[in-house]
Structures are given as C-alpha cells and as structure tokens.
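Engineer: Attaching a single structure in structure tokens format; questions to follow.
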Ligand code: DGT
Ligand code: CA
Ligand code: ZN
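Residue numbers (the numbering used here): 5 to 581.
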C-alpha cells in the first residue's frame, strides 16, 4: 500500500472503532495517525524498511506495527476483523450530513436498526424525534440527506448499463410472441450515467417474456412481478424493469418510458393544445374515442406536427421547437467517424505499441490515428522528453512508410498545460507535431479565476489544436475542477481551437449541455477515445452518444472528416490562417 491507502485504512479503523463505542483516545489516535501519514514528506516505504515508523509524531509501537503490515502486505487482519463486526449499513449512514459515528451508534443501539431503509422508515415514524439527543430538527435533516445519498449512489456508467441492456434484449427478442423490443429510459437517451435499465417489449403473451427476463443469469434478485411488469436487480448492480404491452400501445409506451420526464411533459402539453391526451397507452382525443393509430414513434411525433426527435435529444432543451420548424440537426453517428485523434501507446502510459494501436484502428475501419502520448511534465504517466519525442517520430515515419498510404499515423502529443498556462515544450519544439491536444493534469485546486485564465492562455498558443478533457471530471468519482467552462468554450470557438468530447465513459468531458451551447457559437469538436489500449478505442461509441446529445453534426467533428481535410485544417492553423 502507498501513503494514501495506508492513511485511508487508518482512518477507517478509527471510524469503525468509534462506531463500536471504543474510547475516544484510541479512536482519535487512528485519526491523527492517518493525518500524519497523509501529510508526511518522508518516504513511507523507506521508514518501514528501516523500522523507523514509530519516529513519526504521535505514532507509537502498536500503530507502527499495523502501518508496517499495511505497507508490506497490503492488508491488515485487525481491520478485516473490525469490518465484520460493524454492519455495513452504518457506514452508509455516515455519508448523511449531520450524522457522525457517535450519533450513528446511538440510533443503532436505541432503535436496533442498521440499514438505510430502516433509518428512513424510523424518521418517517418520528422515532428520532423522540430519541434522547435528537429531536424534530435533526430528524427533518436526515430524510433529505437519505434522498441525496440515493440520488448519487446507485448510478452506473454507460458501459455497464448498455452491455446489460443489450444482453437482456437478446434474451427477450427470440421469445415466441415477441413482435418488437427496445431499451428505453436514460440508457436509450445516452445520458452519462443511468439509475436503471428500462426495457419495453411488444407481445400479446407477457408470461414467457417475463420468464426469460427473470431467468437470466445476470439477475441477482427478482424484486417485483405483476401481470405485465417484472423488476429485477442485476448482479452488476443496476436494477432493470421490463414492461410487456400490446403492439398497438407499444410506440406510446416506448416514448413514455424513454422520457425524459421533461420531454414527456412538453409533449403532453403540445398534445393538449391540439385537443389530445398523450399517455403511455395512446394519443386520445379529449372529447373521447379511440387513440389515433400510430405504428411507431415517428407517427406520434407526426400526429403532433413534429419531425421525429432522436432519443438523445429528448431533454426539453429546444427539441420540440426545432422539430416543429423542421430544423433539427442531422446528428453525427458511429459510421461517420473516420479516425481517432487522442490515443496513448507504450511510449507513455498506454499498454499497446503504436503499430498495434494502428492495426486496431484499421480493423475498426478507421483511416487515421493520432498518437498523443503524454508530455514530460506528466512524469507519473511516463511523459516524453524531447529526445524521446524525436525517437517516437522516427518510429512513426517508419510505420507510415510501411503502411504505404493505406493508413496514416499522425504525430500528436497530449501536452500538459503548466500551472501558468504555458505548454510543456517550447514553441519551436511544438512545431514538430502534426496534432496537439493540450490538457490540464495537475493543480486542480486553483481558484476558478486562475484555472480559467490558465486554460485561456493555453488556448492562445497557436500550436494547440484541441483542448483535452476540459473539466477533469471523473463521473461518480471526482467533481470538475472549478473553471468558467462557458468562457473557455467561447474562447476556443473564437480561436478555432476544437474542444474534445473525451469519450472515456468515466469522463464524457466536454459535457453535452455545454457542447450544445458551444456548437451554436461555432465550436468544433473531436470525439476522442483517449485510448490506452486497443479495446479503449471502442469508447468512441460513448463519445458519439454524448456528441449526439449535444446536437452535434458530423460536419462539426474533426475526426468525422477525411484525412486530407483534417490535415489541411491543421496546416492552416499552424500558418495562422
Ligand atoms: P434514470 O434516472 O437514469 O433511470 O433516468 P430515466 O429517464 O430512465 O428515469 P426513470 O427510469 O425513472 O423513468 C423512465 C422514464 O419514464 C422517464 O425518462 C420518463 C418516464 N417517467 C417516469 N416517471 C415519470 C413521471 O412522473 N412523469 C412523466 N411525465 N414521465 C415519467
Ligand atoms: Ca431508467
Ligand atoms: Zn489526459
């Protein structure tokens, strides 16, 4: 274990002890030790090696022993034993604002409960109001805390939900009686994360469909089953809902459960204005009678004088108005992508050689590859010194020569934007690259003002072609660094610098909402897999979904251009045109 991992383990021990009611001295000792380890500037492994861990402030013999085990073995039986003694639900409670270990323990002991659901129920039943040391006010604070926790937890990244949805569809489609089937909900709208998987099937015979669904080996638990609906929790985490309807109702049900809720509300009010009632079963005249017949979703939109709206656009962000004017964009699709521009190789932190990455691109039908390894400041990622860059360029020349023009590798770089906004190599060296992606990888803690001017300064450098992952966010893990993204995107558009849609499913950065605004102001983008292996190239698909959500056309995506056009654009930028 490294320093941070050891610190995390120590503070976990402190928390677990506190939840068990251990004396405050003992628990605080672990908290302090965690802080000391986290902020120490000596090499922890070296201290362990020299048996000097107990020379650290506040760390005695017993603690030093545990730290030594953690560093050496990466595990500590004492911690593992503690974990088995504390219900995991109590650790969840700790993430509710206002609940520390002491209060958690008090509730647990007084009410004999230990899960999030039990705590919620206890609050609804006013059990905390009447509990010593609590009261109406603290009870009222806990319920919204639980809500927020639920909202953030229990969301899943695209690869999980998309793969699970495909497998479930493959199971139900062949069932006798099934006419058509689709995934709906946020998975169909390609939002960056999803709470669950919604599947809609058309069949007159629901039972066998639900059987096939519930019998899937993906299923951990069946949580509900009615005449036409089945709910399950999957082993991989998300839950999945299946709804089986007749073929006539199917388009309406699919539209309803595709959402978004906001889009549905806008659609219903448009229907109402036309004297119609739109719901999950039909489009029904308000003065009674049968639903207007609609064979598919396009027919429903058509009945309301709207062009078909792609699922990705159904967010009530102007799509109804555009569909009514006939001015919806023709969205970029997977098949428009001609090549990929931001990929790593073994020269920095990738796991495949340039030749292998190029081969993987060819197998996927692409005609070019931008190799953009890390620059020297990114030493943790094997960033390249200028000498290494020159060596790499020789290799690329050789590979391109062998490829004989059937495929082209561009000499790119993912250059670090240094703290002051300068690039990681001098300008005369930057001129050697065909393609430059500039990214922030350090100092995420600058103020919004400083971070913004840092990036704006980099955008002023004529060698920067593409701004990489503009907010540094990691979905479900790390917030964006503070930055005036709107200003950055506007500046990029003005300077004809593209902003990437980083297609890694944990990033999906630039956010699609800001992409949409940028594109209206002339922004160009590139859908970049940021691949560190051949399999990583397939992430382009997730980036395409996000670009579509941002109303993006193929014309606006650098890597949906043929090589020649891309090279002309890059050359023109270099010449200051
Ligand atoms: P999520 O949270 O990633 O699962 O997002 P969705 O959009 O898949 O939300 P979900 O699964 O709760 O519901 C699926 C769709 O059903 C939703 O997009 C719109 C529709 N829907 C659900 N509840 C309501 C509602 O109260 N009103 C309306 N108009 N539509 C709803
Ligand atoms: Ca859903
Ligand atoms: Zn990067």
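A virtual CB, placed ideally from N, CA and C, is assigned to each residue, including glycine. Remember, it's a predicted structure, so these values are computed and weren't measured experimentally.
1) Residue 93 and residue 145 - do their beta-carbons sit closer together than 7 Å?
2) With 16 as the cutoff for other CB atoms within 10 Å, does residue 162 come out buried or exposed?
3) Suppose contacts are defined by Cβ-Cβ distances below 7 Å. Is residue 2 in contact with residue 207 by that definition?
4) Which residues neighbour ligand 2 when neighbourhood means a C-beta less than 6 Å away from any of its non-hydrogen atoms? List them by chain order.
5) Kindly identify the DSSP beta-bridge partner or partners of residue 289.
6) Kindly provide the ranges of any beta strand (DSSP E) runs that are 3 or more residues long and lie completely inside the stretch 360 to 400, ordered along the chain.
7) What are the boundary residues of the alpha helix (DSSP H) that residue 415 is part of?
8) Taking residue 497 as the reference, give the member of 470, 508, 415 with the closest Cα.
9) Beta carbon of residue 36, beta carbon of residue 62: below 7 Å?
10) What's the C-alpha gap between residue 261 and residue 202?
11) Could you tell me the alpha carbon to alpha carbon distance between residue 411 and residue 467, rounded to whole angstroms?
12) Taking the alpha-carbon positions, what's the residue 326 to residue 493 distance?
13) Less than 6 Å separating the Cβ of residue 264 from some heavy atom of ligand 1?
14) Are the beta-carbon atoms belonging to residue 194 and residue 554 less than 7 Å from one another?
15) State yes or no: is the C-beta of residue 353 within less than 7 Å of the C-beta of residue 386?
16) When the distance is taken between beta carbons, is residue 204 closer than 7 Å to residue 247?
17) If you check the beta carbons only, do residue 587 and residue 503 fall under 7 Å apart?
18) To the nearest angstrom, how far is it from the Cα of residue 115 to the Cα of residue 544?
19) Mind checking which residues open and close the alpha helix (DSSP H) that includes residue 432?
20) Quick one: is the Cβ of residue 331 within less than 6 Å of any heavy atom of ligand 3?
21) So what's residue 268 in DSSP terms, helix, strand or just coil?
22) Can you have a look at residue 107 and say buried or exposed, based on whether 16 or more other CB atoms are within 10 angstroms of its CB?
23) Under 8 Å: do the stretch 522 to 536 and the stretch 313 to 329 share three or more Cβ pairs, one atom per stretch?
24) Taking the Cβ atom as the reference point for each residue, do residue 176 and residue 218 lie within a distance shorter than 7 Å?
25) Assign residue 159 to one of three DSSP states: helix, strand, or coil.
26) I'd like the ranges of any alpha helix (DSSP H) spanning at least 4 consecutive residues and lying wholly in the stretch 35 to 71.
27) Hey, could you find the ends of the beta strand (DSSP E) residue 262 is sitting in?
28) So which residues put a beta carbon under 7 Å from any heavy atom of ligand 3, going in chain order?
29) Does DSSP put residue 299 in a helix, in a strand, or in coil?
30) In this structure, what does DSSP give as the bridge partners for residue 233?
31) Does ligand 1 have even one heavy atom less than 6 Å from the beta-carbon of residue 256?
32) May I ask you to list the residues that DSSP assigns as paired with residue 531?
Structural biologist: Concretely, from the data shown:
1) Taking 7 Å as the cut-off, the beta carbon of residue 145 is found no closer than this to the beta carbon of residue 93.
2) Within a 10 Å sphere around the beta-carbon of residue 162 sit 16 or more other beta-carbons, which makes this residue buried.
3) Because residue 2 is not part of the residues shown, which for the chain are 5 to 581, the question remains open.
4) For ligand 2, the selected residues are 189, 190, 198, 199, 200, 202.
5) Bridge partners of residue 289: 280.
6) Here the runs fully enclosed are 372 to 378.
7) For residue 415, no alpha helix (DSSP H) segment is defined; the enclosing uninterrupted segment is the beta strand (DSSP E) at 412 to 420.
8) Residue 497 has its Cα closest to that of 470, out of 470, 508, 415.
9) Yes. Within cutoff.
10) Approximately 7 Å between the Cα atoms of the pair.
11) Roughly 24 Å separates the two Cα atoms.
12) When only Cα atoms are considered, residue 326 and residue 493 end up about 23 Å apart.
13) Within the cutoff, so yes.
14) Not in contact: residue 194 and residue 554 (Cβ atoms no closer than 7 Å).
15) Yes, the Cβ-Cβ distance between residue 353 and residue 386 is below 7 Å.
16) Contact: yes.
17) Given that the chain is displayed from residue 5 to residue 581, the structure contains no residue 587 and the question cannot be resolved.
18) Distance between the alpha carbons of residue 115 and residue 544: 51 Å.
19) Residue 432 -> alpha helix (DSSP H) spans 431 to 434.
20) Distances taken from the Cβ of residue 331 to the heavy atoms of ligand 3 include none shorter than 6 Å.
21) DSSP, reduced to helix, strand and coil, places residue 268 within a helical segment of the structure shown.
22) Taking all protein chains in view, the Cβ of residue 107 is crowded by 16 or more other Cβ atoms within 10 Å, so the residue is classified as buried.
23) No, they do not touch.
24) Taking C-beta atoms as the reference points, residue 176 and residue 218 fail to come closer than 7 Å.
25) Annotated three-state conformation of residue 159 is coil, per DSSP.
26) As far as the stretch 35 to 71 is concerned, its whole alpha helix (DSSP H) runs of at least 4 residues are 48 to 53.
27) Counting along the chain, residue 262 falls outside any beta strand (DSSP E), though it belongs to the alpha helix (DSSP H) covering 254 to 262.
28) In chain order, the residues positioned with their C-beta nearer than 7 Å to some heavy atom of ligand 3 are 418, 443, 445, 472, 473, 534.
29) Residue state, collapsed to three classes: coil.
30) Its beta-bridge partners are 247.
31) Every heavy atom of ligand 1 is 6 Å or more from the Cβ of residue 256, so no.
32) Checking the DSSP bridge columns, you'll see residue 531 partnered with 505.
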